[in-house]
Amino acid sequence: MFSRRQALAAGLTDRVLRGPRCAPVAPGWYRYATTDLTPELAARSGLGWLGAEAGLSHTSNLAWRGLEMRAAVPVHLATRRRVDRAADGFVVHRFQGPLFLEEVRGLPVVGAARTFVDCGTLLSWRELVVVGDWMISTGLIARLDLLAFVHDVHFDGVQRARRAMEWVRDGSASPQESRVRLELVRAGLPEPELNALITDRHGGFLAYGDLVYRAERLVVEYDGWQHERDARQRQHDLRRREVLEGEGWRVIVVTAADLENPTMVVNRVVAALQRARFAPISTFQRR
2 MFSRRQALAA GLTDRVLRGP RCAPVAPGWY RYATTDLTPE LAARSGLGWL GAEAGLSHTS
62 NLAWRGLEMR AAVPVHLATR RRVDRAADGF VVHRFQGPLF LEEVRGLPVV GAARTFVDCG
122 TLLSWRELVV VGDWMISTGL IARLDLLAFV HDVHFDGVQR ARRAMEWVRD GSASPQESRV
182 RLELVRAGLP EPELNALITD RHGGFLAYGD LVYRAERLVV EYDGWQHERD ARQRQHDLRR
242 REVLEGEGWR VIVVTAADLE NPTMVVNRVV AALQRARFAP ISTFQRR
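Quick note on my numbering: the sequence shown kicks off at 2 and runs consecutively.
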C-alpha cells in the first residue's frame, strides 16, 4: 500500500499508477496488482485517504476488534470533516459529535460505546444484543458504562441500541451463546445463569455451564463448529457431559444448525423444564 505522493517520490509516474502494475484502493492510495486486497489493506488505505481524525466505524470497527457481523466490504469509516467524493468499497459517515477515537492494533477506531450505538443503524436489535454481550465479555466496556452512554447520547441508532440494552447481560462467553440465551428469554423462560459454576453434592468442582437453570439441574450449551472438528475437544466435552449427567444434571446441546429453527430449541428446553416440574408450557409466552 502506498500513496500517490509516495509513488511519485519513488520515481513512479501517474501513467504507471494507471497501468496494469498498480491498482487503486482508495482515492490517492494504491497497491501493486499482485498484492492481495485484504481488509487491513483496505482499512489503512481508506484511513490514509481521510487523514487525521478519522477512524474505522460501525461493523468494520467490530470486525477489526474481533467480531464479524457483516461482510468485509464495504469498509465503514467515520470523520467529522466534509468529504466531497465517494469511493468504491467504502462508506464514509460524517459525524457531528465526537468520535471518541482510540487505537486498536495500530489503527484509529471509533470508541466502543459509540460504535454500539452507530451499529443501531445497520444491525437489528437482536444483533445489537450479541454485540453488547460481546463487548462486555471481552472487557471493551462495562455494562453500566455502556448503559449510561446509550441513555446519555442522541446519535443515530440510539433508539435501537436502547432497546437492545434491555437484553444485554454480563457473563456471556460467545456470540452464539448470546443468541441462544436471547431466544430462551424472549420465549418467556427465566434468565439462566451464565457460565455458572456447577459443583457436586459435596461442593467439589464439576464444570462451568453455558446457560444454567440450577433449580432444575439443567444446562443448555452451545456447541460450536470448532468442537465438531477438534477430536480432543470433542472427547473432553463428552466426558464432561457424562460427569454432569452422572450427578443428575440434564445437558441440552445446541448447534448452529439448531439455531436455524430457534422455536425447536425453545421447545426442547421447555420440555426439559417440564420434566423437572418447573411449570406448565402455557406459562411461557413470547415477549
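We put the beta carbon where it would ideally sit given N, CA and C, even for glycine. Predicted model, so just to flag it, every value in this text is computed and none were measured.
Check, Outcome
"When DSSP labels each residue in this structure, what does Glu103 get in the three-state scheme?", "strand"
"Is the number of C-beta pairs between the segment 72-87 and the segment 138-156 that are closer than 8 Å three or more?", "no"
"Identify the residues that DSSP records as bridge partners of Trp30: which are they?", "Ser4 and Ala27"
"So, for Pro281: in the same chain, excluding its five sequence neighbours on each side, which residues have a beta-carbon less than 6 Å away from its beta-carbon?", "Residue confidence is low: Pro281 scores 49 on pLDDT, short of 50, so the model does not pin down where it sits. No coordinate-derived value is stated."
"Quick one: is Gly249 buried, meaning 16 or more other Cβ sit within 10 Å of its Cβ, or exposed?", "exposed"
"Measure the Cβ-Cβ separation of Arg46 and Leu78 and say whether it is below 8 Å.", "The identity of residue 46 in the sequence shown is Ser, whereas the question assumes Arg. In this structure, Leu78 does not lie closer than 8 Å to Ser46 by Cβ."
"Taking the alpha-carbon positions, what's the Gly56 to Leu100 distance?", "8 Å"
"Going by beta carbon distance, what residues of the same chain come within less than 7 Å of Arg170, once the five residues before and after it are set aside?", "Asp134 and Leu195"
"Can you give the beta carbon distance from Leu129 to Ile199, rounded, assuming they're within the 8 Å contact cut?", "In fact, because the Cβ distance is near 30 Å, the residues do not count as touching under 8 Å."
"If you draw a straight line from the C-alpha of Thr139 to the C-alpha of Leu9, how long is it?", "43 Å"
"Which residues mark the beginning and the end of the alpha helix (DSSP H) in which Gly47 is found?", "Pro40 to Leu51"
"How is the beta strand (DSSP E) around Pro109 delimited, first residue to last?", "Leu108 to Val110"
"Run through the DSSP bridge pairs and tell me what Phe1 is partnered with.", "No information on residue 1 is available, as it lies outside the stretch 2 to 288 that the chain covers here."
"Alpha carbon to alpha carbon, what distance is there between Ala149 and Val159?", "12 Å"
"Indicate the three-state DSSP secondary structure (helix, strand or coil) for Arg16 in the structure shown.", "helix"
"Going by CA-CA distance only, name the one from Val266, Gly205, Arg235 and Leu207 that's closest to Val186.", "Val266"
"Span of the beta strand (DSSP E) holding Gly56?", "Ala55 to Leu57"
"Distance, Cα to Cα, Ala165 vs Val118?", "10 Å"
"Anyone know if the C-beta pair for Pro40 and Ala73 falls short of 8 Å?", "yes"
"For Gln275, which of Arg218, Arg235 and Glu104 has the nearest alpha-carbon?", "Arg218"
"Mark Asp239 as exposed unless 16 or more other C-beta atoms lie within 10 angstroms of its C-beta, in which case mark it buried.", "The sequence shown places Leu at residue 239, rather than the Asp named in the question. By the 10 Å Cβ count, Leu239 comes out exposed."
"Report the option in Val111, Gly204, Tyr33 and Tyr214 whose CA atom is closest to the CA atom of His94.", "Val111"
"Starting from Arg187, trace the alpha helix (DSSP H) both ways and give me its first and last residue.", "Pro176 to Arg187"
"So Leu42 and Met2 are supposed to be a Cβ contact under 8 Å. How far apart are they, rounded?", "5 Å"
"What did DSSP end up calling Arg235 once you bin it into helix, strand or coil?", "helix"
"Taking a contact to mean a Cβ-Cβ separation below 8 Å, would you say Glu178 touches Tyr223 in this structure?", "yes"
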